[in-house]
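Novice:
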Amino acid sequence: MPLPLIRDAHLNYPRVGHAFFMRHGGVSEGIYASLNGGVGSKDSRDAVMENRRRMAEAIGVAPDRFLVPFQVHSNLAIAVDRPWAEDERPQVDGIVTRTPGLAIGVTGADCGMVLFADPQGGVVGACHAGWKGALNDVAGATISTMLGLGARRDRIVAVLGPTIAQKSYEVGPEFVARFTDIDPKFSRFFKPSVNEGHSLFDLPGFIGMRCRAAGVGLFENTDRDTYSDEESFYSYRRATHRGEADYGRLVGVIVLR
Numbered sequence: 001m002p003l004p005l006i007r008d009a010h011l012n013y014p015r016v017g018h019a020f021f022m023r024h025g026g027v028s029e030g031i032y033a034s035l036n037g038g039v040g041s042k043d044s045r046d047a048v049m050e051n052r053r054r055m056a057e058a059i060g061v062a063p064d065r066f067l068v069p070f071q072v073h074s075n076l077a078i079a080v081d082r083p084w085a086e087d088e089r090p091q092v093d094g095i096v097t098r099t100p101g102l103a104i105g106v107t108g109a110d111c112g113m114v115l116f117a118d119p120q121g122g123v124v125g126a127c128h129a130g131w132k133g134a135l136n137d138v139a140g141a142t143i144s145t146m147l148g149l150g151a152r153r154d155r156i157v158a159v160l161g162p163t164i165a166q167k168s169y170e171v172g173p174e175f176v177a178r179f180t181d182i183d184p185k186f187s188r189f190f191k192p193s194v195n196e197g198h199s200l201f202d203l204p205g206f207i208g209m210r211c212r213a214a215g216v217g218l219f220e221n222t223d224r225d226t227y228s229d230e231e232s233f234y235s236y237r238r239a240t241h242r243g244e245a246d247y248g249r250l251v252g253v254i255v256l257r
C-alpha cells in the first residue's frame with residue numbers, strides 16, 4: 001500500500017521527485033505510531049530504519065541514498081554529492097545537491113521542513129527551520145549553498161511542508177523579545193493570545209519572509225498544522241502539553257531524477 005504523503009504541485013517537474021511524509025504507513029508503535037522517521041527519537045532503531053526504508057522506496061531510491069542530517073537548530077547548510085554512513089551524518093540544518101538519485105531531506109514535528117528546487121539549474125535543497133533556524137536564516141543559507149552549485153535565485157521554488165500554525169503556537173514575552181530585539185519589524189509575526197502577556201507566533205509566515213527576502217522565484221506553504229491535526233502529523237508541542245516522554249518525526253525529502 002502506498003505511503004500517505006503530501007506532494008505540492010509547485011514542485012511537480014519531470015526531473016524532481018519530492019514528498020512530505022505523514023505519520024501513517026510504518027511499523028513504529030505507541031506514541032511513535034507509525035511512520036516515525038527520527039533516528040534521534042527513543043523509538044526502536046530497527047523500526048525507524050524500516051520506516052526510512054519505506055520512505056526511500058516511495059521516493060524511488062535505495063535506503064543508503066536517502067540522506068537526512070543530524071539537525072542542530074542551526075543556520076548551517078552544506079552541499080553533498082555522495083551518500084554518507086549513518087554514524088557520519090553532518091550536523092547541519094540545510095542540505096543541497098545536484099547529484100541525481102540522491103534523496104536529501106529533513107525531519108520535523110512542528111518545525112518547518114522546506115524543500116527547494118531549481119529544476120532548470122538541476123539543483124535541489126531541503127532545510128529544517130524551527131524558530132532558532134528561522135531567526136538565524138537557515139533558509140537563506142540553504143539558498144546561498146544552492147547558488148554555489150549553479151542555481152539562480154529567481155528560478156528557485158520553495159515549498160514549506162506541514163508546520164505548526166500560528167493559532168497553535170503560543171509564546172511568552174521573552175520569546176517575542178528575541179525577535180524584536182533583532183528587528184522591531186518582526187513584531188508583525190506575533191498577535192495577542194487570549195492569555196494575557198502571551199502571543200501567537202506565525203512561524204510559517206516568518207519562514208516565508210526569509211525565503212522571499214532571499215529572492216526565491218516562488219514560495220508556497222502547504223498550510224497544514226502539525227499541532228491540530230493529530231491524525232496526520234506528529235507534534236513536539238502537543239506531546240509536551242500531554243507530558244509524553246518523546247514524539248515521532250515527520251520527514252520531507254526531495255530528489256533529482
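Numbered per UniProt numbering, the sequence shown spans residues 1 to 257. Using N, Cα and C, we set each Cβ at its ideal position, and we do this for glycine too.
Between which two residues does the alpha helix (DSSP H) containing residue 113 stretch?
Specialist: Residue numbering aside, residue 113 sits at position 113 when the sequence shown is read from its first letter. First-last for residue 113: 112 to 118, but that is the beta strand (DSSP E), not the alpha helix (DSSP H).
Novice: Tell me, which residues are paired with residue 168 by DSSP?
Specialist: Stepping through the sequence shown from its first residue, residue 168 is reached at position 168. Its beta-bridge partners do not exist; DSSP assigns none.
Novice: Here's the rule I'm using: 16 or more other beta-carbon atoms within 10 Å means buried, otherwise exposed. How should residue 145 be labelled?
Specialist: Numbered from 1 along the sequence shown, position 145 holds the residue referred to as residue 145. That one is buried.
Novice: Any idea what DSSP makes of residue 137, helix, strand or coil?
Specialist: Position 137 of the sequence shown, counting from 1, holds the residue named residue 137. In the structure shown, residue 137 sits in coil (DSSP, three-state: anything other than H, G, I, E or B).
Novice: Identify whether residue 144 lies in helix, strand or coil by the three-state DSSP scheme.
Specialist: Here residue 144 refers to the residue found at position 144 when the sequence shown is read from its first residue. Note: residue 144 maps to helix in three-state DSSP.
Novice: Could you say which of 194, 67, 158 lies nearest to residue 86 if we only look at CA atoms?
Specialist: Residue 86 sits at position 86 when you count from the first residue of the sequence shown. Among 194, 67, 158, the Cα nearest to that of residue 86 belongs to 67.
Novice: On a CA-only basis, which of 226, 240, 216 is nearest residue 20? Give me that one, please.
Specialist: Locating residue 20 in the sequence shown gives position 20, where the first residue counts as 1. Nearest of 226, 240, 216 to residue 20, Cα basis: 226.
Novice: Just to confirm, is the Cβ distance from residue 159 to residue 94 under 7 Å?
Specialist: By 1-based counting over the sequence shown, the position of residue 159 is 159. By 1-based counting over the sequence shown, the position of residue 94 is 94. No, Cβ-Cβ distance for residue 159 and residue 94 is not below 7 Å.
Novice: Quick one: what's got a C-beta closer than 6 Å to residue 38's C-beta in the same chain, skipping five residues either side?
Specialist: Numbered from 1 along the sequence shown, position 38 holds the residue referred to as residue 38. Cβ within range, chain order: 107, 249.
Novice: Report the three-state DSSP secondary structure of residue 69 (helix, strand or coil).
Specialist: Stepping through the sequence shown from its first residue, residue 69 is reached at position 69. Three-state DSSP puts residue 69 in coil, outside helix and strand.
Novice: Quick check for students: name the residue ranges of the beta strand (DSSP E) that lie wholly in the region 147 to 209, counting only runs of 3 or more.
Specialist: Listed in chain order, the complete beta strand (DSSP E) runs (minimum 3 residues) inside the region 147 to 209 are 157 to 160, 190 to 192, 199 to 201.
Novice: Hey, quick one: how far does the alpha helix (DSSP H) through residue 59 stretch, first residue to last?
Specialist: To locate residue 59, count along the sequence shown from 1; it is residue 59. Here the alpha helix (DSSP H) through residue 59 covers 45 to 59.
Novice: Who pairs with residue 225 in a beta bridge, going by DSSP?
Specialist: Taking the first residue of the sequence shown as position 1, residue 225 is located at position 225. Answer by DSSP bridge pairing, in chain order: 163.
Novice: Considering residue 272, what are the terminal residues of the alpha helix (DSSP H) in which it resides?
Specialist: Because the chain in this structure spans residues 1 to 257, residue 272 falls outside the shown range and cannot be described.
Novice: Okay, do the region 50 to 58 and the region 115 to 134 touch, 3+ Cβ pairs below 8 Å being the bar?
Specialist: Contact fails: fewer than three Cβ-Cβ distances are below 8 Å.
Novice: Determine the closest residue to residue 217 out of 177, 117, 130, 142, with distance taken between C-alpha atoms.
Specialist: In the sequence shown, the residue the question calls residue 217 occupies position 217. Residue 217 has its Cα closest to that of 117, out of 177, 117, 130, 142.
Novice: Use the C-beta contact count for residue 183: other C-beta atoms within 10 angstroms, 16 or more gives buried, fewer gives exposed.
Specialist: Counting from one through the sequence shown, the residue named residue 183 turns up at place 183. With fewer than 16 Cβ atoms within 10 Å of its Cβ, residue 183 is classed as exposed.
Novice: Near residue 48, which residues of its chain fall below 8 Å by C-beta distance, leaving aside the five closest residues on each side in sequence?
Specialist: Residue 48 sits at position 48 when you count from the first residue of the sequence shown. 28, 36, 37, 38, 39, 41.
Novice: Considering only residues of the same chain and omitting the five flanking positions on each side of residue 92, which have a CB-CB separation below 8 Å?
Specialist: Counting from 1 along the sequence shown, the entry for residue 92 is found at position 92. Only 69, 70, 71, 72, 74, 76, 77, 78 meet the Cβ criterion.
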